[in-house]
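*Asks:* One structure coming up, written as structure tokens, with questions to follow.
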Amino acid sequence: MTVQQRATLEDVARLAGVSSKTVSRVYTDRGVVAPATVERVLIAAKRLRFRPNSLARTLRRGGATNTIGFIMGDLENPFYHGVAAGIEEELGRNGHTLVVATTGDMPDGEERVVDTLLAQRIGALLLIPVAEDQSYLEGERHLGTPVVAIDRPARNLVADAIVLDNRQGAAAAARRLLELGHRRIGYACNPAAVYTQDERVRGYRETLAAYGVGDTRRWERLVDDRAAPPERIIAELLGGEDAPTAVITGNNRMTVGALRVLRDLDEAAVPALIGFDDFDTADVLGVSVIAYDPIDLGRRAARLALDRIGEPVGLTKQIELPTRLIERGSGERPPPSALPELNPLSRKSPATDRTAQSASGIGVCWYRASRQPAAVRTYVEDISATNGAAPSRAARPV
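So the mapping is simple: the working numbering equals the position in the sequence shown, first residue as 1, plus 16.
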């Protein structure tokens with residue numbers, strides 16, 4: 017295939033039999049051009065597959081484009097996908113386009129990625145800050161580029177921001193576990209040295225302190241090593257002598273890591289679990305979470321940027337979105353001292369056992385789902401042995 021050269025404005029003018037200035041007016045101020053001439057120019061442009069370069073036109077005028085930049089973190093994190101979807105939805109309704117770049121959650125790369133987007137004369141910058149200082153954006157803000165920080169406020173920069181009520185979200189999780197009788201409640205997160213985790217740890221500690229649990233350091237794993245597997249962090253937390261009977265995980269990746277660890281524990285050793293951030297299949301697995309709407313977070317961030325484009329001056333805004341506790345089973349498991357003794361010899365049937373446990377509020381369906389076949393086989397074999405019969409290998413899990 018031979019690649020053809022793109023048609024220019026002058027090419028359209030020659031084919032339409034008009035001047036280059038007339039073609040330019042058709043695309044910039046069509047009302048001053050005769051309708052017949054407009055039609056002739058547009059027909060010529062279509063034949064040549066000509067598209068005006070709006071970016072070049074904007075740059076010649078020294079202004080910004082209708083493109084809004086969004087810089088997010090790790091592409092693998094579904095939280096960022098939801099935020100981006102909300103931003104794009106709101107911008108699309110208002111005639112703007114979105115360009116996305118990523119820092120990979122690496123603080124050292126933030127300024128470089130920002131500079132790359134600003135060089136494209138974006139109309140506004142939406143940023144999930146990961147570096148410790150965003151003061152390098154102060155000069156750009158004075159040039160009229162709106163900056164909106166998402167999920168955490170910008171540091172050393174006067175800018176609009178939209179964040180979650182992280183403190184109250186973590187407090188709600190801790191309070192629910194305390195109400196169930198837990199006192200040894202752990203908290204695990206990675207990374208830890210970010211605004212969101214500062215607020216969540218604060219809510220967790222304050223709530224436990226209000227219930228008389230003052231020193232929580234032995235149940236905390238606040239890690240700042242992006243290479244550390246969540247499974248290892250959770251395993252270390254649960255491997256101590258004074259292991260927590262309940263765990264709050266600080267983000268969705270830590271929650272998934274916790275599920276992998278809990279899957280291999282004996283039932284009596286499984287702690288209650290509440291994770292911050294909802295995620296796909298959490299409802300299917302029965303995982304209790306502190307939830308919010310990342311798409312709405314993105315929509316509101318885009319609206320802040322559009323409002324700031326329309327009104328460059330004025331007081332900055334910081335919007336705080338509420339969170340909510342969704343109870344699905346994993347977080348409603350009481351501490352071991354509150355659990356009824358489960359004696360296989362006293363069970364009438366697996367179905368009866370499931371009904372009794374459900375009525376007692378244990379809420380371990382999320383946990384038993386991956387272990388039920390083995391548990392039922394053990395139950396059948398124990399019953400067969402007490403009756404003097406050989407264990408039945410033909411018995412099927414129910």
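All residues carry an ideal CB built from backbone N, CA and C; glycine is no exception.
In this text, all values refer to a predicted model and were calculated from it rather than measured experimentally.
Could you pull out every unbroken alpha helix (DSSP H) segment of at least 4 residues lying fully inside the region 161-194, listed in chain order?
*Replies:* none
*Asks:* Rounded to a whole number of angstroms, what is the C-alpha to C-alpha distance between L361 and L289?
*Replies:* Low per-residue confidence applies at L361: pLDDT is 35, beneath 50, and the placement is therefore not dependable, though the value from the model is reported in the following sentence. Using only the alpha carbons, I get a separation of about 29 Å.
*Asks:* Ignore the nearest five residues each way along the sequence and tell me which others in E126's own chain have a CB closer than 6 Å to its CB.
*Replies:* So the list reads T119, V146 and A147, once near-sequence residues are dropped.
*Asks:* Should L331 and I166 be called a contact, given that it needs their Cβ atoms to be closer than 8 Å?
*Replies:* No.
*Asks:* Provide the residue(s) that pair with L341 in DSSP beta bridges, ordered along the chain.
*Replies:* Beta-bridge pairing links L341 to I306.
*Asks:* Compute the Euclidean distance between the alpha carbons of I335 and L320, then round it to the nearest angstrom.
*Replies:* 9 Å
*Asks:* Within 10 angstroms of the Cβ of G108, are there 16 or more other Cβ atoms? Answer buried if so, exposed if not.
*Replies:* exposed
*Asks:* Determine the direct distance from the alpha carbon of R168 to that of V179, and round the result to whole angstroms.
*Replies:* 6 Å
*Asks:* Report yes or no: do the region 264-276 and the region 180-198 share at least 3 C-beta pairs separated by less than 8 Å?
*Replies:* Yes, they touch.
*Asks:* Going by C-alpha distance, which of R324, D299 and P246 is nearest P162?
*Replies:* R324
*Asks:* Cβ atoms of P310 and G102: under 8 Å apart, would you say?
*Replies:* Taking the C-beta atoms as reference points, P310 is found nearer than 8 Å to G102.
*Asks:* Taking just the CA atoms, how far does L133 sit from L278?
*Replies:* In a straight line, the C-alpha of L278 is about 43 Å away from that of L133.
*Asks:* Return the chain-ordered ranges of every alpha helix (DSSP H) run that is complete within the region 216-271 and spans a minimum of 4 residues.
*Replies:* 246-254
*Asks:* Would N8 and T212 qualify as a contact pair, given that the criterion is a beta-carbon distance under 8 Å?
*Replies:* An answer regarding residue 8 cannot be provided, because it is not within the stretch 17 to 414 covered by the chain.
*Asks:* Alpha carbon to alpha carbon, how far is V54 from A29? Give it in angstroms, no decimals.
*Replies:* 11 Å
*Asks:* Taking the Cβ atom as the reference point for each residue, do R316 and E105 lie within a distance shorter than 8 Å?
*Replies:* The answer is no: Cβ separation not under 8 Å.
*Asks:* Determine, using beta-carbon pairs with one atom in the region 194-201 and one in the region 340-352, whether at least three such pairs fall under 8 Å.
*Replies:* yes
*Asks:* Exposed or buried, V57, counting other C-beta atoms within 10 Å across all chains shown (16 or more means buried)?
*Replies:* buried
*Asks:* What is the C-beta distance between I1 and V300, in whole angstroms, given that I count them as a contact (C-beta under 8 Å)?
*Replies:* This structure gives no information on residue 1, because the portion of the chain shown stretches from 17 to 414.
*Asks:* Please classify G345 as buried or exposed, where buried requires at least 16 other C-beta atoms within 10 Å of its C-beta.
*Replies:* buried
*Asks:* Helix, strand or coil: which one does DSSP assign to I87?
*Replies:* In the structure shown, I87 adopts extended strand secondary structure according to DSSP, grouped into three states.
*Asks:* If you run the structure through DSSP and keep just helix, strand and coil, what is G120?
*Replies:* coil
*Asks:* Pick helix, strand or coil for G47, following the three-state DSSP scheme.
*Replies:* helix
*Asks:* Between F295 and P94, is the Cβ-Cβ spacing less than 8 Å?
*Replies:* It is a contact, given that the beta carbons lie within the stated cut-off.
*Asks:* Give me the residue from F66, G302, G185 and G255 with the minimum Cα distance to V20.
*Replies:* For clarity, residue 20 is Gln in the given sequence; the question names Val instead. Among F66, G302, G185 and G255, the Cα nearest to that of Q20 is on F66.
*Asks:* Can you tell me whether W235 sits near the ligand HEM, meaning its C-beta is under 7 Å from at least one heavy atom of the ligand?
*Replies:* Only the bare structure without any ligand can be found here, which leaves the ligand HEM out of the picture.
*Asks:* By how many angstroms is the C-alpha of R242 removed from the C-alpha of M88?
*Replies:* Looking at the two C-alpha atoms, the distance is approximately 16 Å.
*Asks:* With 8 Å as the threshold, decide whether the Cβ of E252 is near any Cβ in chain B.
*Replies:* The structure shown contains no chain B, having only a single protein chain.
*Asks:* Among M270, D90 and E257, whose alpha-carbon lies nearest the alpha-carbon of M122?
*Replies:* Closest option to M122, Cα to Cα, is D90.
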